[in-house]
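Below is one structure, written out as structure tokens; the observations come after it.
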Amino acid sequence: MPIDFTLSERDKGLLENIRASALIARKYARYYDEHEESELAPEQLPEAAGFKRPFDEKAHPYNPKTDSGMAVMGMLQTMAQMWGDYAVRLKRQKGGLGNAALQAAGTPDQQKKWGGLTLAMAITEPGCGSDPSRVQTSATLDPKTNEWILNGEKIFVTTGVRAEGVVAWATVDKAAGRAGIKSFLVLKGTPGFTVAKKEKKLGIRGDDTAAYVFDNCRIPRENLLGGKEEVEKEGSGGFKGVMKTFNMTRPGVGAIGLGVAEAALDFTREQLEEAHVDLSYGGSLASQTAIAKKFQDLETLWEASRLTVLRAAWLAEKGKPNNMEASVAKAHAGAAVRRICQGCIEILGTMGVSREHLLEKWLRDCRITDIYEGTGQIQRLIIARTLLDYTREDLK
Amino acid sequence: MPIDFTLSERDKGLLENIRASALIARKYARYYDEHEESELAPEQLPEAAGFKRPFDEKAHPYNPKTDSGMAVMGMLQTMAQMWGDYAVRLKRQKGGLGNAALQAAGTPDQQKKWGGLTLAMAITEPGCGSDPSRVQTSATLDPKTNEWILNGEKIFVTTGVRAEGVVAWATVDKAAGRAGIKSFLVLKGTPGFTVAKKEKKLGIRGDDTAAYVFDNCRIPRENLLGGKEEVEKEGSGGFKGVMKTFNMTRPGVGAIGLGVAEAALDFTREQLEEAHVDLSYGGSLASQTAIAKKFQDLETLWEASRLTVLRAAWLAEKGKPNNMEASVAKAHAGAAVRRICQGCIEILGTMGVSREHLLEKWLRDCRITDIYEGTGQIQRLIIARTLLDYTREDLK
Amino acid sequence: MISFGMTDEQKAAQDAMRSFSQNVLRPKARSCDEAAKLPEDFLGKAWELGLTMAQIPEKYSGMGSDRSPVTNAIILEELGYGDVPLAVAALAPSLFANAIVDQGTEEQKKTYLPAFCGEKFETGSLALLEPGPLFDLGKLKTTAETSGKEFILKGRKSFVTLGDRASHFLVIAKQGNSRDAFIVPKDAKGLSISGPQKNLGLNAVPFAALELGNVRVPTSARLGGDAGCDVQKIINNSRVALSALMVGLARGVIDYCVPYAKEREAFDEAIAKKQAIAFMLADMHIEVESMRWLTWKAASALEQGRDATKEAHQAFVYAAEKCMWIADNGIQVLGGHGFIREHPVEMWFRNARTVSVLEGAAAV
Amino acid sequence: MISFGMTDEQKAAQDAMRSFSQNVLRPKARSCDEAAKLPEDFLGKAWELGLTMAQIPEKYSGMGSDRSPVTNAIILEELGYGDVPLAVAALAPSLFANAIVDQGTEEQKKTYLPAFCGEKFETGSLALLEPGPLFDLGKLKTTAETSGKEFILKGRKSFVTLGDRASHFLVIAKQGNSRDAFIVPKDAKGLSISGPQKNLGLNAVPFAALELGNVRVPTSARLGGDAGCDVQKIINNSRVALSALMVGLARGVIDYCVPYAKEREAFDEAIAKKQAIAFMLADMHIEVESMRWLTWKAASALEQGRDATKEAHQAFVYAAEKCMWIADNGIQVLGGHGFIREHPVEMWFRNARTVSVLEGAAAV
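As they're listed, the protein sequences go chains E, A, Z and S.
Offset between the first sequence (1-based) and the working numbering: plus 556.
Offset between the second sequence (1-based) and the working numbering: plus 556.
Offset between the third sequence (1-based) and the working numbering: plus 12.
Offset between the fourth sequence (1-based) and the working numbering: plus 12.
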């Protein structure tokens with residue numbers, strides 16, 4: 557297919573469908589923001605029926621010659637949903653980050669067995685933030701019972717309260733470093749596995765974030781994702797496999813932030829247009845107002861960022877390597893959404909910080925984008941290593 | 557004295573005096589820019605008489621209760637001179653960076669002997685940029701003749717062609733690292749000391765930058781600045797002494813850049829005022845044009861930077877430590893002048909890049925500010941080490 | 013002469029405020045933010061500092077210290093370091109009283125100032141900002157019209173500090189092509205006060221909204237009497253004060269991040285040893301210094317009675333941008349922990365974004 | 013559908029331009045910059061690439077490939093990577109010819125296009141920019157007035173590429189409230205051409221200034237004839253082309269800095285191993301990618317015949333800012349060596365600042 561940036565009618569239909577339900581979700585955005593403790597499912601909300609808007613696949617079948625690919629559309633759909641509200645969307649979602657890991661690293665049997673559950677992903681520990689190779693949670697095999705015994709603490713587990721199970725990283729051999737790290741599936745209710753805390757956060761308050769404790773938690777031997785028990789001696793092949801999960805989640809996280817930022821831009825544009833600020837493109841700096849210039853710069857930044865996200869997804873759907881591009885997308889979006897939401901507030905002034913509107917919430921929700929799934933700093937390390945042809949040891 | 561940011565009548569008189577001669581210097585700015593090879597002394601220029609504008613010290617004696625201190629005024633005078641033209645000022649200047657080193661580290665005898673000469677400072681070598689401790693130029697004492705034998709190469713020696721002598725860093729003991737580095741005074745004409753090259757540069761073309769070669773260059777034993785021949789075993793006390801020179805030169809380099817940037821701002825303001833752009837302060841973002849907002853931001857950045865320079869100088873004249881503040885001033889000014897000159901060109905458009913005006917030259921002249929006397933990166937290392945209470949080994 | 017030297021008196025004031033910040037403001041900051049209200053005894057405790065009455069002349073029952081914007085800037089940096097919202101609340105009375113000290117007629121001074129010199133907390137409040145987007149100090153929508161011996165005020169005001177307990181409001185309104193300030197009692201007919209407004213940050217401060225529906229005040233209610241007043245001067249004072257608070261806030265972020273970054277490890281060493289983090293901290297420090305000197309310069313221009321419009325504008329705009337930048341990067345230094353309400357940085361981030369849009373309207 | 017996939021034809025064009033850049037442009041870049049002129053044989057050599065005639069329809073003696081702004085963007089990135097000024101010079105004929113292909117009347121096409129399809133270099137030139145500060149595309153000072161069957165053109169133009177050897181100029185002028193383009197022969201009465209202008213960068217390009225003192229042209233000289241033309245479309249085309257050149261320039265900076273930073277040592281290791289440098293390079297890469305996709309998007313909108321005003325504006329403004337940022341930081345990566353003319357980075361810095369103020373006026 558030649559270079560193209562337009563959407564087919566089917567693409568548009570799918571996105572409009574999502575936006576319509578996203579607008580309903582937005583009505584409950586403030587509720588979830590102010591009721592951080594609430595575990596009320598969006599399906600119990602008065603207008604829940606509006607969330608289900610089946611898309612007529614038969615009338616509009618997928619045409620690979622004209623319609624955008626799955627991964628690209630996945631990004632655009634994520635943006636459209638988040639444009640409505642971050643929390644309501646996530647609360648409605650079957651499946652969590654752990655499902656992506658199961659998909660990437662699980663055996664067919666494992667995928668069949670647990671694929672229907674909502675799985676969280678537990679990586680970070682109190683002592684390690686951006687550096688997953690420092691995982692201290694241990695998994696010891698008890699050959700008598702054919703069970704793994706997990707011990708350790710996990711923090712920042714997204715949807716960790718609501719999830720039915722978790723994919724947790726643990727080391728089977730601390731001396732082996734990154735090569736010793738494996739993924740284990742632990743179901744809620746397993747003895748020795750407790751949700752220790754639900755975090756209170758700056759934003760994305762509708763979406764829960766948990767802390768876990770594993771205290772001699774025993775799980776079946778076959779709950780090791782992928783099933784490979786041996787620790788590779790050289791390199792970190794297994795670890796790299798684990799890290800591969802990020803190549804779609806990183807642009808995805810970018811898309812999440814950009815959806816929220818788009819809402820902020822749309823709200824700001826409406827206000828400016830109502831105030832008759834000329835926002836037209838095409839002219840020179842000399843004829844612009846400070847407000848219009850600032851707004852257009854933010855809008856341009858958003859578009860630039862969105863294109864890096866789509867590029868990373870497009871590579872993935874073409875089966876091309878996208879490790880660096882996934883980090884480019886995440887790093888760009890993480891920084892862009894910070895600037896965009898802050899800038900929109902600067903433009904609108906006191907209106908922007910008032911809780912009568914959602915803009916202030918979008919600022920808070922957005923801020924996580926540059927932090928989770930690898931901070932902007934981590935993404936830059938990855939990009940720089942690739943550019944410089946450096947190993948992890950060369951540049952860290 | 558209480559906090560005050562105003563200038564006394566005497567302060568103003570001194571600066572106006574300098575500005576008047578700086579305006580004459582500006583007439584020759586383009587000549588020196590386009591004749592990089594020229595070593596014509598400004599005193600030979602047609603209007604050279606205007607350079608000498610004696611200030612009537614008797615009619616306006618220095619009053620320490622009302623007039624600004626020496627170091628602060630030094631910064632302001634530097635700015636005023638550079639506002640005229642970088643090159644002409646430096647070409648007229650008796651004394652170079654090496655004189656500051658002589659002042660800081662030389663014995664009274666040495667200061668008396670060489671203080672009247674224009675001395676360059678030779679630190680950087682082809683193999684070491686920002687890291688002076690990697691100096692490879694060696695100094696070996698010949699006890700028979702009581703001479704030091706220098707061997708090595710130096711680059712980026714400011715005013716290295718015009719200078720009558722140079723203060724060069726060399727190591728007397730490579731194994732000792734930083735502690736082995738000493739400063740030596742070498743006069744032009746000393747056998748074995750040659751000016752290998754005069755660099756062609758982006759900017760400050762009127763000011764020469766040389767490369768030196770020392771090839772078994774013999775200098776008297778007493779040409780070691782400060783006279784301390786022994787290498788301290790622990791720490792890097794001697795090296796720190798050497799580095800102290802920078803505590804005034806760093807803000808001074810900031811002042812140089814800010815003087816040039818001020819010229820750029822003044823030129824841009826004139827053009828904007830002629831075009832009836834409202835540049836008044838006091839209102840809100842909502843009522844500003846993009847051009848005015850951009851210009852005011854640059855003007856504000858300049859003022860912020862200028863105050864960090866004055867602060868570092870003020871501390872010095874009060875005898876207070878200013879190591880960190882000197883780096884703050886240098887780092888701030890280095891970044892600020894890059895943005896200011898680039899921004900002025902953006903505001904004025906094609907007029908800004910035309911060689912009919914000096915703005916494009918000021919951009920080029922300014923660019924060195926964030927590089928020499930320690931790049932912006934080096935300054936940030938120094939600041940961060942102080943903030944974090946880290947040693948050079950902790951953070952590098 | 014250029015001088016950065018504090019007087020002994022200023023150093024003493026700085027020390028006193030530093031300890032008030034550490035002992036009173038910091039411990040209360042988080043709980044007030046979560047509860048979105050002031051602690052019961054707080055305004056009384058802050059009143060004991062005597063900040064308002066200190067600069068009221070003795071003839072109006074004050075303590076008669078020099079009215080010093082520079083000293084104020086030094087004090088406010090320390091209070092902002094402690095907690096910006098509590099500082100804003102504590103300083104609301106000064107905002108009102110100082111405008112009268114600076115620009116009131118003799119009669120206005122006699123009438124209003126003594127109330128601020130008693131033992132009990134008392135406040136008036138500045139009503140400058142207006143709701144809606146694109147607020148423009150040069151194009152106020154609130155108007156004042158003369159009608160016989162009265163002014164009729166119409167319009168809406170927002171972000172009125174302590175609007176729930178102020179006895180009077182200093183309402184800034186447009187009168188023809190100029191701006192003026194009017195002293196309006198809280199029980200004026202046609203004035204309705206609502207609130208508290210809920211915001212992103214500064215949660216502890218009860219901000220009110222005012223609706224002025226044909227509020228009539230006597231001509232003597234105009235600040236400065238027949239001569240009117242210089243509204244820009246009030247704005248300049250406010251902008252400098254807000255700048256000083258932001259310097260304090262930003263400095264607080266650095267002081268929190270530095271030990272955190274030294275303790276926190278990644279890739280086998282403290283994150284502070286990574287240039288990306290270390291340089292971020294260095295840049296924060298560079299900017300806090302710059303913010304402070306711009307603020308001092310503007311305060312000094314005010315103190316010397318010069319037109320400080322440019323200096324106050326520069327200080328405020330620079331401080332607003334950099335304070336936000338620093339708080340935002342403070343979160344980044346803490347990573348995931350920066351997003352959690354167990355650490356104060358996310359609160360400072362919200363306060364920074366909020367205080368920096370106030371344009372010069374919420375502090376002394 | 014969203015697709016970033018180049019056609020095989022585009023890949024082949026990219027390869028060809030890459031080798032032209034490497035073999036012809038790069039080796040000449042520095043000497044042309046210092047001499048401030050084009051190499052003798054250069055325009056002829058560039059002409060052999062057939063860039064201009066490729067997109068001229070066969071009926072006007074061209075090669076009749078599709079007129080593809082996307083392919084142009086890909087080509088221009090490669091040429092910009094080689095050397096922006098030489099690329100600007102080589103592409104001047106296309107700038108003129110493409111406007112006629114896109115918007116000329118049948119008669120204009122017949123009259124002017126065949127000249128661009130011969131073996132000898134031939135050029136016309138766009139005259140859009142005007143001297144002085146605050147140039148505003150929306151408020152041109154050059155005017156066109158009708159007078160019988162003629163237009164009278166008055167005004168001044170600057171930065172007219174290859175103005176010294178163009179046979180015709182496409183002069184953009186204001187006519188009442190709208191803008192139009194007029195084909196003016198170099199020997200028109202009342203037209204004086206001066207130059208070359210000396211500038212900060214793009215030194216190899218002879219830019220001329222035009223003075224139009226009551227220049228009379230027949231009504232048929234208006235591009236598009238009686239219907240006139242869409243001047244914004246010409247500007248959009250130019251902006252996208254300039255953006256593509258800037259992508260190439262910026263990519264060149266990174267490719268130069270990466271090996272330098274790996275080789276250069278400070279504090280006992282390669283400076284590329286310092287996060288401050290490594291992250292700078294990473295940010296440069298992030299921005300080059302963004303610049304390219306914005307440029308492609310705008311080019312694609314042009315290609316599909318849609319109004320590309322927003323896309324072209326976004327691509328140009330973003331590319332201008334980031335190209336400058338990258339070139340400026342390229343100098344910083346090299347430190348003192350970045351300031352010396354032995355390395356190309358300072359030249360790229362000058363070219364970046366110059367090309368980024370052209371507003372959409374110097375390339376295809």
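Cβ atoms here follow ideal geometry from the backbone N, Cα and C, with glycine treated the same way.
Z:Gln34 counts as exposed, since fewer than 16 other beta carbons sit within 10 angstroms of its beta carbon.
Secondary structure note for A:Arg575: its alpha helix (DSSP H) is the uninterrupted segment 565-583. Contacts with chain A at 9 Å (Cβ-Cβ) do not include Z:Asp280. Using a 10 angstroms sphere on the CB of E:Asp567, the tally of other CB atoms reaches 16 or more, which defines it as buried. It is roughly 11 Å from the alpha-carbon of E:Tyr584 to the alpha-carbon of E:Gln600. In the structure shown, the three-state DSSP call for S:Asp340 is helix. Interface flag for S:Gln344 against chain Z is unset, since no Cβ pair is found closer than 9 Å. Among the residues facing chain Z, S:Ala273 is not included, as its CB has no counterpart in that chain under 9 Å away. A:Asp950 sits close to Z:Lys285, with the two beta carbons spaced by under 9 Å.
Put simply, the CB of E:Val628 is near chain S, with a gap under 9 Å to one of its CB atoms. As computed with DSSP, E:Trp918 is found in no beta bridge at all. For the region 838-853 of chain E, the beta-carbon criterion of a distance under 8 Å to any beta-carbon of chain S is satisfied by Gly838, Gly839, Ser840, Ala842, Ser843, Gln852, Asp853.
Per DSSP, the unbroken alpha helix (DSSP H) holding A:Asn655 starts and ends at 653-661. Around the beta carbon of A:Thr693, a 10 Å sphere encloses 16 or more other beta carbons of the protein chains shown; the residue is thus reported as buried.
Residue state for E:Ser840 is assigned as coil, using DSSP reduced to three classes. Linking E:Ala820 to E:Asp921 through their CA atoms gives a straight-line distance of about 11 Å. DSSP lists E:Thr845 as the bridge partner or partners of A:Thr845. With fewer than 16 other beta carbons inside 10 angstroms of its own, E:Phe611 counts as exposed. Under the DSSP definition of a beta bridge, S:Ser302 lacks any partner. Within 9 Å of the CB of S:Gln287, the CB atoms of chain Z belong to Lys286, Gln287, Ala288, Ile289, Ala290, Phe291, in sequence order along the chain. Under a criterion of Cβ atoms nearer than 8 Å, no residue of chain A is adjacent to S:Gly76; the nearest Cβ is some 36 Å distant. Annotation: Cβ neighbours of Z:His325 in chain A (cutoff 7 Å, chain order): Tyr837, Gly838. The region 273-292 of chain S and the region 207-221 of chain S do not touch, with fewer than three beta-carbon pairs separated by less than 8 Å.
Contact note: Z:Met336 reaches chain E through Gln898, using a C-beta cutoff of 7 Å and chain order. Taken through DSSP and simplified to helix, strand or coil, A:Ala892 comes out as helix. Take Z:Leu257, set aside five residues on each side of it, and the residues of its chain with a beta-carbon closer than 8 Å to its own are Leu88, Glu89, Leu91, Gly92, Val96, Ala99, Val100, Val367, Ala375, in chain order. Within the same chain, Glu603, Gly606 come within 6 Å of A:Ile580 by CB-CB distance, once the 5 residues on both sides are set aside. The Cβ-Cβ distance between E:Leu780 and E:Gly654 does not fall below 9 Å. Fewer than three pairs of CB atoms, one per stretch, sit closer than 8 Å, so the region 120-138 of chain Z makes no contact with the region 865-876 of chain E. Between Z:Ile266 and A:Leu943, the CB-CB gap stays under 9 Å. Collapsing the DSSP output to three states places A:Lys874 in coil. Using a Cβ-Cβ distance cut-off of 8 Å, the region 703-717 of chain A and the region 745-765 of chain A are in contact, since at least three pairs of beta carbons, one from each stretch, lie closer than that value. Setting aside the 5 residues that flank it on each side, S:Asn211 is surrounded in the same chain by Phe219, Thr366, each with a C-beta closer than 8 Å to its C-beta; the list follows chain order. Within its own chain, the residues whose Cβ lies closer than 8 Å to the Cβ of A:Ser910, once the five positions on either side in sequence are excluded, are Glu916, listed in chain order.
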